[in-house]
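1 is the number of the first residue of the sequence shown in the UniProt record's numbering; add one for each residue after it. All remarks here apply to the structure that follows.
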Amino acid sequence: MALSKPSFLNHLVRALTGSRHHAPPQAYLPARRFSFATPEEAAAERRKRKRRLRIEPPLSALRHQQQHQQPRPAPAPQNPTAPKLPESASALSGTRLNLHNNILKLIRENDLEEAALFTRHSVYSNCRPTIHTCNAVMSAQLRQGKFAELLTLHRFITQAGIAANVVTYNILLTLYVDCRKLDLALEQYRQLVNDAPFNPSPTTYRILIKGLVDNQQVEKAIEIKNEMETKGFKPDPTIYSYLMVGQVKNSNADSVFELYEELKQKLGADEILDGVIYGNLMKGYFLKGMEAEAMEVYSKVLGEDSTMKMNAVSYNYVLEALSKNGKFDEALKLFERMKNEHDHPRKLCVNLGSYIVIADGYCAEKRFDEAVEVFNSMGEKRCNPDTLSYNVLIDHLCSNNKLAEAEELYNGMADKNVNPDEYTFVTLMDTCLKENRLDAAAHYFGTMVQLKRRPNLAVYNRLVEALVKAGEVDEAKSFFDLMVPKLRMNEDAYKFIMNALSGIGKHDEVVKIVDGILREDPGDFTEELEEFVRELLRKEGMEDEVTNLKLQLEKEKADAAAKAAEEAEEAKASTSIAMADLLSSKSFGKKPDVEELSAEGKEEDSVSTASEVENVMSKDAAEK
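Written as structure tokens, this is what we have:
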């Protein structure tokens, strides 16, 4: 039987619909509505959720509290004596970086006093300087030899709680080494190793070992080198070069070769590529008389196919080895090559030390004009002289009767912003004394004192003895008066100036000197010195002046003590009167007179005394 078209279509729809596999409904999923009928309902729901969040804590916080019911133990208090960690370079940011740049500007302008003052004031401001800023100021003070100011600033930042870093320790080590205070340098190094919360750097060991070698303590330097290697530092060719220099100074060539072989063994290489070691190796060969081997090393290091890494210091060691062993012409050729290859700042082949070595070589050859010319030409390669370089050349000129050239060089130090030190002035003063130029010698000594340099007693004695010998006793006395507050005079110095004054009949000046000694340093006036003074004054019938001075001084001390006691009594009396006024005014509301208070006190005393007498008499009567 045929089907009609509509019934057939309905049959197909039912068949297709029934063949589909319907997934079972997930009744466990919560029904969520993501739309609301009106915007007002949505806003109301949002406000409801916000109120619930403000009132109810999150579930994660509740679970956290349930898991950790027990309170956490309080952290252990930190040790207040434990060393603080220094600030990192990232602390230089914002206003602290601006402060750092402002202080660096003052340093570039050579205004170190203002830079140090600015640093100190900033400690108490809301922009505290970092240790890096303090290190910059102290480094500038170190370069200019202002050691006292450096130590003062370091003490201040330590008290202010600014933690030092390894650069700070290196600055202090350099200061102590330059001042030849090796005990303090070693103590500072031990403090760094034992107490600091960081390790020393290779620069620390270089500074300390070089200072020990320069002061003829090679064995101690070797101990520090061995200690450095036990702490895990790699063998440093620069440190080995310092030790080789010390062995050359001790004329110990075999130790030079031993150090070279030891370095090769520890580096594990057949050839050391750092050229800093080879100049001192050449000195060892020259010391043994092995000139051919020394020049062979020179050819290998500086030949055309050389692979050695050379810098200015490496070249300087080779220059020194050549110039001090009869190869000065070869040293001049090498110096010209160094200047030609020098390309600041990409390649540095010459520095201040290069010019010092060549100037020293010219002076050894008695070619002083060329030495001064080379020294003055170092500015062409952007090298700046320092006080030590001037002292080397001035010493050579003065030792070879070239005082005029030395004074010309000294006068040019101000143009290069170089400050002369004690050695500069003493060298010029001694040369002037040798050439009988007393006025110039006195001028150099006076300038040295005026610039706050510190001449020792031996320098003072040489000048005063020369002046007295030339009959300039008054000028010698003026220098004595100048140096008495600055120097610790010994007995011989006092005797010399007193004898000179008595020789020209100025016994009153001798008495004044004795008076000054008794007032300022009575311990210096020994029995021997007193007998010497009495003998001088006895010739003029003034031997009792010493006794009179002592009696007068004792009387002044007694009067001063009595006056101090009287002032103390007056102060005590005035204090008691003021307290009595204060107490009486608080008790009665008025301020009684002092006479009334004293009268009341007397009356109370008399009353108490009468009552005591009556009690005693009554007791006696009862006993009878």
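Virtual Cβ for every residue (Gly too), placed ideally from N, Cα, C.
Tell me which residue opens and which closes the alpha helix (DSSP H) that Asp-195 is part of. 182-195
Considering Cα atoms alone, identify which of Val-213, Ala-136 and Asn-126 is closest to Asn-101. Ala-136
With DSSP as the reference, label Asp-581 as helix, strand or coil. helix
Would you list, in sequence order, the uninterrupted alpha helix (DSSP H) runs of no fewer than 4 residues that lie entirely inside the stretch 240-303? 253-267, 278-287 and 291-302
With H, G and I counted as helix, E and B as strand and the rest as coil, what does DSSP make of Lys-550? helix
When Val-459, Asp-415, Glu-520 and Gly-412 are compared against Thr-431, the one with the closest alpha-carbon: Val-459
Is the number of C-beta pairs between the stretch 212-223 and the stretch 242-259 that are closer than 8 Å three or more? yes
Using a threshold of 8 Å, state whether the C-beta atoms of Tyr-298 and Val-313 are closer than that. no
Apart from the five residues on each side of it in sequence, which residues of its chain come closer than 7 Å, Cβ to Cβ, to Thr-174? Leu-142 and Ile-207
Length of the line joining the Cα atoms of Val-511 and Leu-463: 23 Å
As assigned by DSSP and simplified to three states, the class of Lys-50: helix
Could you check if Lys-225 is buried or exposed, using at least 16 other CB atoms within 10 Å of its CB as the buried criterion? buried
If you follow the alpha helix (DSSP H) that Pro-385 is in, where does it begin and where does it stop? No alpha helix (DSSP H) holds Pro-385; DSSP gives it neither H nor E.
Take the Cβ of Asn-110 as the centre, count every other Cβ of all protein chains shown within 10 Å, and call the residue buried at 16 or more, exposed below. exposed
Which of the three DSSP states is assigned to Gly-161 in this structure? coil
Tell me Asp-343's beta-bridge partners as DSSP assigns them. Lys-347
From Ala-91, Asn-311, Asn-411 and Phe-156, pick the residue whose C-alpha is nearest to that of Leu-117; which is it? Phe-156
For Lys-234, three-class secondary structure by DSSP: coil
For Lys-309, which beta-bridge partners are listed by DSSP? Asp-274
When you compare each of Gly-145, Phe-328, Glu-114 and Ala-37 to Tyr-423 by their alpha carbons, which one comes out closest? Gly-145
When DSSP labels each residue in this structure, what does Tyr-362 get in the three-state scheme? helix
Using CA atoms only, rank isn't needed, just tell me which of Leu-536, Leu-487 and Lys-300 is closest to Pro-456. Position check: residue 456 holds Asn in this sequence, whereas Pro was assumed. Selected option, being the one with the closest Cα: Leu-487.
DSSP state of Glu-475, grouped into three classes? helix
Nearest neighbour of Leu-529, chosen from Gly-541, Lys-495 and Asp-559 [CA to CA]: Lys-495
Between the stretch 538-548 and the stretch 498-517, do three or more beta carbon pairs fall short of 8 Å? yes
Status (buried if at least 16 other CB within 10 Å, exposed otherwise) for Lys-477: buried
Within the stretch 483-508, ranges of the alpha helix (DSSP H) (whole runs, at least 4 residues): 491-503
Which stretch, first to last residue, makes up the alpha helix (DSSP H) that contains Asp-369? 368-376
Supposed close pair Val-350, Pro-385 - CB separation, criterion 8 Å: Rounded, the Cβ-Cβ distance is 13 Å, inconsistent with contact.
Within the continuous alpha helix (DSSP H) that includes Phe-118, where are the two ends? 112-123
Rounded distance between the beta-carbons of Ala-470 and Leu-438, thought under 8 Å: 6 Å
Where Cys-134 sits in the DSSP three-state scheme: helix
Can you give me the Cβ contacts of Tyr-205 inside the same chain, cut-off strictly under 8 Å, excluding the 5 residues immediately before and after it? Ile-224, Lys-225, Met-228, Phe-233, Asp-236 and Ile-239
Is Gln-144 helix, strand or coil by DSSP? coil
Taking Gln-450 as part of the alpha helix (DSSP H), name the residues at either end of that continuous run. 438-450
Return the CA-CA distance between His-22 and Leu-53, expressed in angstroms with no decimal places. Residue placement at His-22 cannot be trusted, given a pLDDT of 49 that sits under 50; what the coordinates show is reported in the next sentence. Their backbone Cα atoms lie some 41 Å apart in a straight line.
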